[in-house]
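Quick note, the sequences are listed as chains L and F, same order.
When we follow our numbering, the leftmost residue of the first sequence carries the number 1134, and every step to the right adds one.
When we follow our numbering, the leftmost residue of the second sequence carries the number 536, and every step to the right adds one.
Cβ coordinates follow ideal geometry from the N, Cα and C atoms, glycine included.
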Amino acid sequence: MTEQTVGGDTDIPKRPPWYVRAWNAIKLLRETTVGMIGVAIVAFWLLVAMFAPLLTAYDPNATIAPFQKPFATVGENFFLLGTDHLGRDIWSRIAHGSRTVLFYAPLATLSAYIVGILMGVLAGYRRGWYDEILSRISDIILSFPVLVLYVIVIATFGASGTNIVIAITFASAPGIMRIVRGLVLDLRNRDYIAAAQTRGESPWRIMLVELLPNARGPLIVDACLRLGYVTITIGVLGFLGLGLPPPDPDWGGMINESRNMAQVFPHMVIFPCIAISSLVLGLNLIADGLREISLND
Amino acid sequence: MVVFIAKRLGYMVLTMLVVSILVFVMLEFSPGNVARKVLGPYATQEQLAIWLEANGYNNPLWERYITWLGNALTGDFGDSIIYKVPVNDVLWDRLGNTAILGLAVLVVMVPIALTLGVLAGMKEGSALDRTISITSIVTTSIPEFASTVFLAAIFVFGLGLLPGTSAMTSGFNLAELVLPVMALVLYDFGYVARMTRASMAEVMQTPYIRTAILKGLPYYRVIVKHALRNALIAPFTVIMLQINWLLSGVIVVEFFFAYKGFGALLLEASLRQDIYMIEACAMVAVFVAVGTQTLADIGYMFLNPRIRFS
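What follows is the structure, given as structure tokens:
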């Protein structure tokens, strides 16, 4: 920050701390009803995940009374959303399952972003062979149907949290790379990049400190959409029996386990479906709201 | 133009080669592993050794890959471990069933998505535009497995109108195709509609449309004769690329409805590690995916004179 203090710094307004800027960004979303609905839905699930043990009366893996319908009372036990075929409280499993989703989905998205951003700035800033090779690799990965890739890779290497994160990173990073590359190609001829080069800044510093922050707008919208898509992916893998190993609750896995009983006990599958759909909807609405705001500017 | 097509085709072959190498190395890197999966958990060490020798698994990896590639090119993918018959006997029937499903989805989805997209894009920011946009956000937020559950809950458990499985055990049955098609259309149409809307909105802002309106042409003529021709070029590519997504979608939907298609086969083969079947399925999937992308690129060039003549 020494550059800022060179020559009369009294006029330069102080940059507010990050939490103030984050709050201002959320306040901006208030302009769009759609975006606010999205924020509310996502905030609801974040709170549920945070306070899951306080909000539920039973252990998610405890077998209490099987095949109870919603609002059932068995002795002293009350089941808000009923129980599944093994007698586990569905609300407890959904609440605790939100922790799984809200841990792995952002983790996988973040990991994909780190790889994708590094690939993208490298290809866009360095051009030449870096660009050629990285773009070819991405084209090949992107041409493959994603779920086919996930199913084959995860079934072969085994279903675990780590493998799911790795597979999602592998399949999503090329898409992120393309966006970043496009943005960097647009930014790399700006004056401040030339200034940084003249100052003798290292290429990596230029890429990550000068270029990346200026490319953040479209990336934030994409991140919301991608987070929603990764949430769907984790759900799909659980649904296909390739999710996290039982017995710990996972929304997709809950649907898979109760699939055969859906005809008689629809509540066992419908509530996890509502949970995952609402979370994804919330993320997509935030993305839509952000896009609308960025268009208004 | 010939150069362009040749380039695209060459690129398609290259992609398939790379994918085939990756799949082969992933599944057949260790011969002992392959033998164990083919012969089952109760085979003795001696049996494994005999099998490895008899099937050429003692050769180096690249030699085995060349042999496999040669066989695959002549259409021989080996025998399925689960079904105990040649992969070809199972694969093509299943692929045909999925083609029926996919075709039905496109026939239903494309007109709906294009109509909604054009209506929304005609007047950007109108109430109709917002309604259609929000609807498509909501439907694309519901994953296929959730929409299958919701649809089944309404039409099978609730109203009892449609069958809940689509195994087609007693021959082809149109009623069993309805729910899988609905689930896939519901998830996919939103994206195509949004892309059409964006394309339409862009065209509506061009000077030539303004001229057409100002010279007093009836509004529907401006839309049908002037706007649509340019606005529908981009959605063509989107629809072709949608086939790639459909390949992912059919895995979920076929699994849920027990439809005997390619997606269910791929999933079963992967879960039970039917190595030769996985290899064949992966190659078919990448062929369909890259093939449609190549067609999309070539078709786009034919449709868009600005590219064709440059």
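Query, Result
"For residue 528 of chain F: DSSP bridge partner residues", "Lying before the first or after the last residue shown, residue 528 of chain F is absent from chain F, which here runs from 536 to 845."
"Alpha-carbon spacing of residue 1103 of chain L relative to residue 1215 of chain L, whole angstroms", "This structure leaves residue 1103 of chain L out entirely; chain L is present only between 1134 and 1430."
"Sequence-distant residues of its chain with Cβ nearer than 6 Å to residue 667 of chain F (five each side left out)", "651, 655"
"Pairwise C-alpha distance: residue 1397 of chain L and residue 697 of chain F", "16 Å"
"Range covered by the beta strand (DSSP E) that runs through residue 1211 of chain L", "1210-1212"
"Range covered by the alpha helix (DSSP H) that runs through residue 1216 of chain L", "Residue 1216 of chain L -> no alpha helix (DSSP H), and no H or E assigned at all."
"Counted within 10 angstroms of its Cβ, other Cβ atoms place residue 710 of chain F as buried (16 or more) or exposed", "exposed"
"Chain L contacts from the region 658-680 of chain F (Cβ-Cβ distance under 9 Å)", "665, 668, 669, 672, 673, 675, 676, 677, 678, 679, 680"
"Straight-line gap, residue 811 of chain F to residue 558 of chain F (C-alpha atoms, nearest Å)", "11 Å"
"Counterpart residues of residue 621 of chain F in DSSP-defined beta bridges", "F/614"
"Helix, strand or coil at residue 1137 of chain L according to DSSP, with G and I counted as helix", "Note that residue 1137 of chain L scores a pLDDT of 49, beneath 50, so its modelled location is shaky; the value from the coordinates is reported in the next line. In the structure shown, residue 1137 of chain L sits in a helix (DSSP, three-state: H, G or I)."
"Straight-line Cα distance separating residue 1231 of chain L from residue 1184 of chain L", "11 Å"
"Proximal residues of chain L, C-beta to C-beta of residue 738 of chain F below 8 Å", "The premise fails here: residue 738 of chain F is roughly 18 Å from chain L at the closest Cβ pair, so nothing lies under 8 Å."
"Where residue 610 of chain F falls, given that 16 or more other Cβ within 10 Å makes a residue buried", "exposed"
"Under 9 Å from the C-beta of residue 684 of chain F: neighbouring residues of chain L", "1388, 1392, 1395, 1399, 1402, 1403, 1405, 1406"
"Three-state secondary structure assigned by DSSP to residue 1205 of chain L", "strand"
"6 Å CB neighbourhood of residue 841 of chain F in its chain, flanking five on each side removed", "none"
"Contact set between residue 1276 of chain L and chain F, taken where Cβ atoms lie within less than 8 Å", "550, 779, 821, 824, 825, 828"
"C-alpha gap between residue 1336 of chain L and residue 1264 of chain L, whole angstroms", "15 Å"
"Residue 1412 of chain L versus L/1177, L/1283, L/1161, L/1249, residue with shortest Cα-Cα distance", "L/1177"
"Residues near residue 1138 of chain L by beta carbon distance below 6 Å, same chain, minus five either side", "Residue placement at residue 1138 of chain L cannot be trusted, given a pLDDT of 49 that sits under 50; what the coordinates show is reported in the next sentence. Nothing meets the Cβ criterion."
"Minimum Cβ-Cβ distance from residue 1284 of chain L to chain F less than 7 Å", "yes"
"Rounded straight-line distance, which links the Cα of residue 1359 of chain L to that of residue 1135 of chain L", "Because the pLDDT at residue 1135 of chain L is just 46, under 50, the model does not fix this residue reliably, and the value given afterwards should be weighed accordingly. So the alpha carbons of these two residues sit roughly 37 Å apart."
"Residue 766 of chain F in three-state terms, based on DSSP", "helix"
"Residue burial classification, residue 702 of chain F (beta-carbon count within 10 angstroms, cutoff 16)", "exposed"
"CB contact check: residue 589 of chain F to chain L, cutoff 7 Å", "no"
"Cβ distance (whole Å) where residue 1302 of chain L is taken to contact residue 1356 of chain L below 8 Å", "About 14 Å; that fails the 8 Å criterion."
"Residues that residue 802 of chain F contacts on chain L, provided the C-beta gap is smaller than 7 Å", "1284, 1373"
"Residue 1371 of chain L in three-state terms, based on DSSP", "helix"
"Contact with chain L by residue 688 of chain F, beta-carbon distance below 7 Å", "yes"
"Contacts that residue 692 of chain F makes with chain L (C-beta to C-beta distance below 8 Å)", "1395, 1396, 1399"
"Anticipated Cβ contact below 8 Å, residue 1399 of chain L with residue 692 of chain F, distance rounded", "5 Å"
"CA-to-CA distance, residue 1308 of chain L to residue 1239 of chain L, given in whole angstroms", "17 Å"
"Residue burial classification, residue 541 of chain F (beta-carbon count within 10 angstroms, cutoff 16)", "exposed"
"Residue 1220 of chain L to residue 806 of chain F span [Cα, whole Å]", "28 Å"
"Whole-angstrom distance between residue 1423 of chain L and residue 1319 of chain L, CA atom to CA atom", "21 Å"
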